[in-house]
Every structure is written in C-alpha cells, then in structure tokens.
Amino acid sequence: AQKVTQAQTEISVVEKEDVTLDCVYETRDTTYYLFWYKQPPSGELVFLIRRNSFDEQNEISGRYSWNFQKSTSSFNFTITASQVVDSAVYFCALRRSGGYQKVTFGTGTKLQVIP
Amino acid sequence: DTEVTQTPKHLVMGMTNKKSLKCEQHMGHRAMYWYKQKAKKPPELMFVYSYEKLSINESVPSRFSPECPNSSLLNLHLHALQPEDSALYLCASSQGDSKSTDTQYFGPGTRLTVL
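In order, the protein sequence lines correspond to chains S and B. Heads up, the first sequence stops at 281 in our numbering, and the numbers go up one at a time, no gaps. Heads up, the second sequence stops at 189 in our numbering, and the numbers go up one at a time, no gaps.
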C-alpha cells in the first residue's frame, strides 16, 4: 500500500520568512514518482514538481526548492522569502510507475503568509 | 500549454435535477480523470479514462455517470444526487502512456452544491 504523510496541517509565517513543508511517504515499489501541487483558494491544483525515485538530486526553481531523501522517505519543499501569493494548500503526492496510475495524495498543508 | 478547462465553475442543483459537468483538454493527452474533493480534504479519484475507455471506477455510486465522447472531452453526468455529494469536482489529464512519467494536470474545478 502507498501512503503520504504531511504532518503539518497549517503553518503561518510572516512575509519574507523561509518555510519548509514536510512530506514523508511509504511505498514498496522501487520505481515511483513524487509530486507537489499547490491549491490556492480558487481551487485549481497547480503542478509544481515531479521527482523520479531514481533521481535524488535536489532541485531549485526560483524561490522554491525540493529536498528528496530516499533514506528517510522524505520529499520536503522549501519556500524562500515567502510572499502572500504563496498562501495556499500544498499537497504532496505519490504515484507508481506506469501510465494512468492512481495518485496517492497527502492530507495537505495549509500555508498562510501574513503580510 | 498545460490547460484543462472545466464548465461550469459553480453549479447548484436539487436532488431531482439532472446536470452535467464538462472538461476539455487540448494537450493531446490520452488519459482523463475525475476527482471529488470535500473541504479540507485531498482529492479522491472517481474515474479514469484511458484512450476513451473507462479504465478505473473507484466504486462510485451510479448517480455519477462519466462519459468520454472523444480524446479531448470528458463529461460527468449527475442525477438524483444527495446533499453529501456537494464538493469540488476536479478534472485532470495526463499523457497516459505507460512509458511516460505521466504527470496529471488539473482544471480549475466545478463547485457543486446539492440542495
């Protein structure tokens, strides 16, 4: 069975602070994919990043960075110098290899950035 | 262009009404999905269509009836819904190729209220 745990239900930070959203996953598969999605109040799930299980290189995209550690089954997401527009619910997700596989979502972390 | 469109944005219906939700994508994706999302919960998979054939039905009640008229369109027909069916309904699409990394891209959703 696959499972994604986002232990932080809600986080509040003041604008310009850095914030890390935690994600821990469980799977018996050797090949799998991890994702982060952002869901602003409007409702649309916005794809942020995909990471393959065999690629542990960390990634940086502007103010966003992701730390993938297979040894601890974690895929954490850091926002540097947070902005009000970052306020949203963030979902970590896990999918098996292969086409149209079911995605297992975590319960989400609601981030509020206070101006 | 990673755009999935959904209509309507909002829908209010009575328990005896029949209505349809529509989803469209022009990315050449061959897999399309319906998800249901209740407030403060992650999305839950309802149906998956692959190459216009229903591939996954997550034991969804028959009052929800999906239809895939062609590779770009996905409908969800609603009939005799219950108030507990009120939720955000999200459509997604992905390449659907078993060799691909198959990222799902989501539409903005339809907020459904059943009175």
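Backbone N, C-alpha and C define an ideal beta-carbon position, used for all residues, glycine too.
Per DSSP, which residues does residue i bridge with? Please list them.
i: residue 103 of chain B; result: According to DSSP, which records beta bridges pairwise, residue 103 of chain B is partnered with nothing at all.
i: residue 149 of chain B; result: B/96 and B/141
i: residue 171 of chain S; result: S/190
i: residue 81 of chain B; result: B/96
i: residue 216 of chain B; result: A question about residue 216 of chain B goes unanswered here, because the residues of chain B that appear run from 75 up to 189.
i: residue 158 of chain S; result: Nothing about residue 158 of chain S can be reported from this structure: the residues present for chain S run from 167 to 281 only.
i: residue 184 of chain B; result: B/163
For a test of the three-state rule: what should DSSP assign to residue i, helix, strand or coil?
i: residue 236 of chain S; result: helix
i: residue 134 of chain B; result: coil
i: residue 183 of chain S; result: coil
i: residue 225 of chain S; result: strand
i: residue 158 of chain B; result: helix
i: residue 197 of chain S; result: coil
i: residue 189 of chain B; result: coil
i: residue 263 of chain S; result: coil
i: residue 125 of chain B; result: coil
i: residue 211 of chain S; result: coil
i: residue 268 of chain S; result: coil
Taking its Cβ as the centre, do 16 or more other Cβ atoms sit within 10 Å of residue i, making it buried, or is it exposed?
i: residue 110 of chain B; result: buried
i: residue 181 of chain B; result: buried
i: residue 280 of chain S; result: exposed
i: residue 113 of chain B; result: exposed
i: residue 86 of chain B; result: exposed
i: residue 155 of chain B; result: buried
i: residue 184 of chain S; result: exposed
i: residue 226 of chain S; result: exposed
i: residue 151 of chain B; result: exposed
i: residue 140 of chain B; result: buried
* Near-chain B residues of the region 186 to 215 of chain S (beta-carbon distance less than 8 Å), N- to C-terminal order -> When CB distances to chain B are screened at a threshold of 8 Å, the residues of the region 186 to 215 of chain S falling below it are 199, 201, 203, 208, 209, 210, 211, 212 and 213, in chain order.
* **Where the region 238 to 250 of chain S meets chain B: residues whose CB sits under 9 Å from a CB there** => none
* Asked: Between the region 177 to 188 of chain B and chain S, which residues of the former have CB atoms less than 8 Å from a CB of the latter, in chain order?
  -> Hits within the stretch, in order: 177, 178, 179, 180, 181, 182, 183 and 185.
* To do: Please list the residues of the region 92 to 119 of chain B that have a C-beta atom closer than 7 Å to any C-beta atom in chain S, keeping them in chain order.
  => 105, 116, 117 and 119
* To do: Name, going along the chain, the residues of the region 148 to 166 of chain B whose beta-carbon falls closer than 9 Å to a beta-carbon of chain S.
  => 162, 164 and 166
* To do: Anything in the region 213 to 234 of chain S with a Cβ closer than 9 Å to a Cβ of chain B? List those residues in chain order, please.
  => Taking 9 Å as the Cβ-Cβ cut-off against chain B, the residues of the region 213 to 234 of chain S that qualify are 213, 216 and 218.
* To do: Pull out every residue of the region 263 to 275 of chain S whose Cβ sits closer than 8 Å to any Cβ of chain B, in chain order.
  => 264, 265, 266, 267, 268, 269, 271, 272, 273 and 274
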